[in-house]
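Asker: Got a structure for you, written out below as structure tokens; questions coming shortly.
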Amino acid sequence: MADNKYVAPGVTKFSDHEVIVLPNRLKRKAITSVAADEPDPLWEAEEALGELSVQFGSWMVDECTALERARHLVQTEGSTAATREALHRAAHDIRGHGATLGFPMAADVAGSLCLLLEQSSDPSHIPLSFIDQCVDAIRAIVREHNGPHADRIAAALAQELRNIADALMAGGTSRDRTDSERAGALVSPKPAR
Amino acid sequence: MVHLDFSRLRFLIIEDNTHMRRILRTLLYGFGSREVYEAEDGAAGLEAFVQYIPDIVITDWAMPIFDGLELTQMIRQPGANANPYVPIIMLTGHSEKHRVIAARDAGGTEFLAKPISAIGLYQRILNVVVNPRPFIKSKSYFGPDRRRNAMLNYTGPERRKGGSDMIGQQPLLEKVKA
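Just so you know, the sequences run in chain order C and W. All residue numbers for the first sequence refer to the working numbering, where the first residue is 1 and numbers rise by one. All residue numbers for the second sequence refer to the working numbering, where the first residue is 1001 and numbers rise by one.
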């Protein structure tokens, strides 16, 4: 299908760079005029995504399981560069995919964890209790997704965890508690029905 | 009315997350694509790029082995592969400005921050097909022109010289003359 025929590009040379203008091969082969009754590709794609979306809940459960596995590594092997990398990768996946899969608040919580792992001056000192809170909160948000007031509780939880992450990055003791105390003092992440 | 016939385009998706690959594939098939190849890390992606010679590459940024930025830099090697000019759409969970600049400086053609939407992906693909930018080859950069618009008021580093030269504010008279 790909048109591999070579067409020489136009090259304009300057003293310190060249500007290369390529023949627009893709436009030539893929842009066509469309009949009025042609299906709208965007609508078709949205429809296909809608059909796929029935699986999004179970996909998020898979993502949570991967995150818990990564947390388990941190708990059992300690906070090393390798275990933090695994934790970051799992959290980053949720940060990136959570909203696409319909769990934006889980994505926000994962974002707080990623932020701390990425920007903390000493990531080995990120309190394990904060990691626990984030992982448990994401699991709870996914589990209680369809419950009453789930969105409101999830938003409050995400905001609280973001505040803690910000405080930890700012040096921690922005209020009257230490980082670990503050991280550990978070309310239970299981949203009440 | 302009219509993009996706069935005439060959795509390569490089993404380590199986769910996200599925979503991207579903969207592309929904648009009408018929040829969609996949790879789950940067190394496999480079191999697939050489093997399938895709028209458009869609790659995640954060991946094992080597990431989307490194992959882009490997593809953007003049003479090293069949199509160093291939449009590369970079997907990422990061949307901070410095990330966008890093993707652009690596030679990425378009940047798409997650969450992925059908319209966001469609627009990026349409843009690389309908409005391709010229390529710039300098001693420090090879990739799509990073200047999307002619900015007469631009002040900042002179990137094409690859050194520390700066472009300063042009006097009004000079601008008028230009």
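Positions of the beta carbon are idealized from the N, C-alpha and C atoms, including for glycine.
Please state whether the Cβ-Cβ distance between I1013 of chain W and I1075 of chain W is less than 8 Å.
Answerer: No, the pair does not count as a contact, with Cβ atoms beyond the cut-off.
Asker: Hey, how far is the Cα of E46 of chain C from the Cα of L117 of chain C?
Answerer: Going by the C-alpha atoms only, they are around 35 Å apart.
Asker: Give the DSSP-derived three-state secondary structure of V54 of chain C in the structure shown.
Answerer: Helix, per DSSP.
Asker: Quick one: is K190 of chain C near chain W, going by C-beta distance under 8 Å?
Answerer: Unreliable positioning characterises K190 of chain C in this predicted model, as indicated by a pLDDT of 41, which lies under 50. The coordinate reading is nonetheless provided below. Not an interface residue.
Asker: Whose CA, out of C:G102, C:A90 and C:L73, lies closest to the CA of L113 of chain C?
Answerer: It is C:A90 whose Cα lies nearest to the Cα of L113 of chain C.
Asker: Using a Cβ distance threshold of 8 Å, determine whether the segment 1060–1070 of chain W contacts the segment 1080–1094 of chain W, with at least three qualifying pairs required.
Answerer: The segment 1060–1070 of chain W is in contact with the segment 1080–1094 of chain W.
Asker: For the alpha helix (DSSP H) containing E1070 of chain W, list its first residue and its last residue.
Answerer: Segment G1068 to I1075, the alpha helix (DSSP H) holding E1070 of chain W.
Asker: What number of angstroms, rounded off, separates the C-alpha of D1067 of chain W from the C-alpha of T80 of chain C?
Answerer: Rounded to whole angstroms, D1067 of chain W to T80 of chain C spans 21 Å at the Cα level.
Asker: When you compare the CB positions of A1039 of chain W and I1065 of chain W, do they come within less than 8 Å of one another, or not?
Answerer: Not closer than 8 Å, so no.
Asker: Using a Cβ cut-off of 8 Å (strictly closer), state whether G184 of chain C contacts chain W.
Answerer: Bear in mind that a pLDDT of 45 at G184 of chain C, under 50, signals an unreliable position, so the model cannot answer this.
Asker: Mind listing the chain C neighbours of F1066 of chain W? Cutoff is C-beta to C-beta under 7 Å, in chain order.
Answerer: Correct list: empty, because the minimum Cβ distance to chain C is about 14 Å.
Asker: Rounding to the nearest angstrom, what Cα-Cα distance links G78 of chain C and S120 of chain C in this structure?
Answerer: Those two C-alpha atoms are separated by around 17 Å.
Asker: Can you pull the chain C residues whose beta carbon is under 8 Å from the beta carbon of S1138 of chain W, in chain order?
Answerer: Per Cβ cutoff of 8 Å: D16, H17 and E18.
Asker: Please state the DSSP three-state secondary structure of G98 of chain C.
Answerer: In this structure, G98 of chain C counts as coil in the three-state DSSP scheme.
Asker: For D1060 of chain W, which beta-bridge partners are listed by DSSP?
Answerer: D1060 of chain W is bridged to W:L1091.
Asker: Please classify T1155 of chain W: does DSSP put it in a helix, a strand, or coil?
Answerer: Coil at T1155 of chain W, not helix or strand.
Asker: 8 Å is my cut-off, CB to CB: does K1114 of chain W come that close to chain C?
Answerer: Taking Cβ atoms only, chain C reaches closer than 8 Å to K1114 of chain W, which makes this a yes.
Asker: DSSP beta-bridge partners for S33 of chain C?
Answerer: DSSP lists W:V1002 as partners of S33 of chain C.
Asker: Secondary structure at A86 of chain C, three-state DSSP: helix, strand or coil?
Answerer: Three-state result, A86 of chain C: helix.
Asker: Give a yes or no on whether 8 Å exceeds the smallest Cβ distance from G1093 of chain W to chain C.
Answerer: Taking Cβ atoms only, chain C reaches closer than 8 Å to G1093 of chain W, which makes this a yes.
Asker: Reducing DSSP to helix, strand and coil, say where H92 of chain C ends up.
Answerer: Note: H92 of chain C maps to helix in three-state DSSP.
Asker: Within 8 Å of any Cβ in chain W, is that where the Cβ of G96 of chain C sits?
Answerer: Judged by the 8 Å Cβ criterion, G96 of chain C is in contact with chain W.
Asker: Checking contacts by CB at 8 Å: is D108 of chain C closer than that to chain W?
Answerer: Judged by the 8 Å Cβ criterion, D108 of chain C is not in contact with chain W.
Asker: Taking C-beta to C-beta, are V21 of chain C and P1115 of chain W nearer than 8 Å?
Answerer: No, these two residues do not count as a Cβ contact at 8 Å.
Asker: Apply the 10 Å Cβ neighbour rule to G10 of chain C and answer buried if 16 or more other Cβ atoms are within range, or exposed otherwise.
Answerer: Classification of G10 of chain C: exposed, given that the 10 Å Cβ count is below 16.
Asker: Using the three-state DSSP reduction, which class does V1128 of chain W fall into: helix, strand or coil?
Answerer: If DSSP states are grouped into helix, strand and coil, V1128 of chain W belongs with the helices.
Asker: Apart from the five residues on each side of it in sequence, which residues of its chain come closer than 6 Å, Cβ to Cβ, to E18 of chain C?
Answerer: Result list for E18 of chain C: V11, in chain order.
Asker: Pairs of beta-carbons, one from the segment 1026–1033 of chain W and one from the segment 93–105 of chain C, closer than 8 Å: are there three or more?
Answerer: They do not touch, by the three-pair rule.
Asker: What is the DSSP secondary structure of S174 of chain C, reduced to helix, strand or coil?
Answerer: Because S174 of chain C carries a pLDDT of 39, less than 50, the predicted location of this residue cannot be relied on, and no value is offered for it.
Asker: Hey, is the segment 91–102 of chain C in contact with the segment 54–73 of chain C, meaning 3+ C-beta pairs nearer than 8 Å?
Answerer: Because the criterion of three Cβ pairs below 8 Å is met, the segment 91–102 of chain C and the segment 54–73 of chain C touch.
Asker: Take L73 of chain C as the anchor and find which of C:A86, C:G96 and C:C64 has the nearest alpha-carbon.
Answerer: Closest by alpha carbon: C:A86.
Asker: Do E38 of chain C and H1003 of chain W have their C-beta atoms closer together than 8 Å?
Answerer: Closer than 8 Å, so yes.
Asker: Hey, could you find the ends of the alpha helix (DSSP H) A1082 of chain W is sitting in?
Answerer: Careful: A1082 of chain W lies outside any alpha helix (DSSP H) and carries neither H nor E.
Asker: Which residues in chain W have a C-beta closer than 7 Å to the C-beta of D93 of chain C? List them in chain order.
Answerer: Those within 7 Å of D93 of chain C in chain W are N1017.
Asker: Buried or exposed for S1033 of chain W, going by 16 or more other Cβ atoms inside 10 Å?
Answerer: Classification of S1033 of chain W: buried, given that the 10 Å Cβ count is 16 or more.
Asker: Could you check whether L26 of chain C and D1055 of chain W sit closer than 8 Å to each other, using their CB atoms as the reference points?
Answerer: A contact, by the Cβ cut-off of 8 Å.
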